[in-house]
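Positions in the sequence shown are counted from 1; adding 506 to them yields the working numbering.
Think of the CB as a built atom: it goes at the ideal place given N, C-alpha and C, for glycine as much as any other residue.
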Amino acid sequence: MVKEIDRILGRFLRGEVVLIVIMTIATWATLSALGIRYALILGLIAGILELIPFVGTWMAAIPAVVVAVATPSPHGWSPLVSAGIVGLAYFILRHAEDYFVIPFVMGRAVHIYALIAMFSVLSGAVLGGVLGMFLGVPTAAALRIIIGYIYGKLTEPMPAPDQDKMLLEASVPVSEMENTG
Numbered sequence: 507m508v509k510e511i512d513r514i515l516g517r518f519l520r521g522e523v524v525l526i527v528i529m530t531i532a533t534w535a536t537l538s539a540l541g542i543r544y545a546l547i548l549g550l551i552a553g554i555l556e557l558i559p560f561v562g563t564w565m566a567a568i569p570a571v572v573v574a575v576a577t578p579s580p581h582g583w584s585p586l587v588s589a590g591i592v593g594l595a596y597f598i599l600r601h602a603e604d605y606f607v608i609p610f611v612m613g614r615a616v617h618i619y620a621l622i623a624m625f626s627v628l629s630g631a632v633l634g635g636v637l638g639m640f641l642g643v644p645t646a647a648a649l650r651i652i653i654g655y656i657y658g659k660l661t662e663p664m665p666a667p668d669q670d671k672m673l674l675e676a677s678v679p680v681s682e683m684e685n686t687g
């Protein structure tokens, strides 16, 4: 059981790395297509902040929107329009990740349903703040393994007693049989 939990936690961390890489590339590509300066740096920030569930993407959007407002747009957009488009891009990226990428990557990594993952992140936030949010999914995966182990032990059929051993214990020694007559 401990080895299985260790394996699942390792898979969770690999899943997080995959999410970081996907969101870094997706953010960089989107901001580059929009002509936003520092797209690579902003993509790296988005990828790193991916470690903070739910709010990480929005925290990453703030510097991108500031850059969009502070630098001239190559498309001739006003700073407000440029900031709105960047904000919309982050909104779309966030939802694409929530509905497609995370359930696929994390579901395959730790073998839990997306709804359980979301519930575990929210529960972790209530119980432990940002650290609880990060630890929610691996905790849920570990609990799934522990509960499965306990359930398996409780529902396991009792082994049949050894017939030969029962016969030996129930038999009376020959010396006692002669004296009982």
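- A contact between stretches requires three or more CB pairs, one per stretch, nearer than 8 Å, and the region 572-590 fails this requirement with the region 613-631.
- Taking 9 Å as the cut-off, the Cβ atoms of Ser-588 and Ile-542 count as close.
- Ala-532 sits close to Ala-602, with the two beta carbons spaced by under 9 Å.
- In the DSSP assignment, Phe-610 falls within the unbroken alpha helix (DSSP H) covering 608-616.
- Of the candidates Ala-595, Val-572 and Ile-591, Ala-595 places its Cα closest to the Cα of Met-529.
- Collapsing the DSSP output to three states places Glu-662 in coil.
- Contact annotation: the region 604-617 touches the region 515-524, with at least three C-beta pairs closer than 8 Å.
- The region 544-551 and the region 567-576 touch, with three or more beta-carbon pairs separated by less than 8 Å.
- The C-beta separation of Arg-650 from Ile-618 comes to about 6 Å, placing the pair in contact by the 8 Å criterion.
- C-alpha of Ala-574 to C-alpha of Glu-522: approximately 28 Å in a straight line.
- Here Pro-559 is buried, its C-beta having at least 16 other C-beta atoms within 10 Å.
- By the Cβ-count criterion, Leu-586 is exposed, with fewer than 16 other Cβ atoms from all chains shown falling within 10 Å of its own Cβ.
- Boundaries of the alpha helix (DSSP H) around Phe-597: 585-602.
- Spatial neighbours of Ile-591 in its own chain (CB-CB distance under 8 Å, excluding positions within 5 residues in sequence) are listed in chain order as Leu-540, Ala-574 and Trp-583.
- For Leu-555, no alpha helix (DSSP H) segment is defined, and its DSSP state is neither H nor E.
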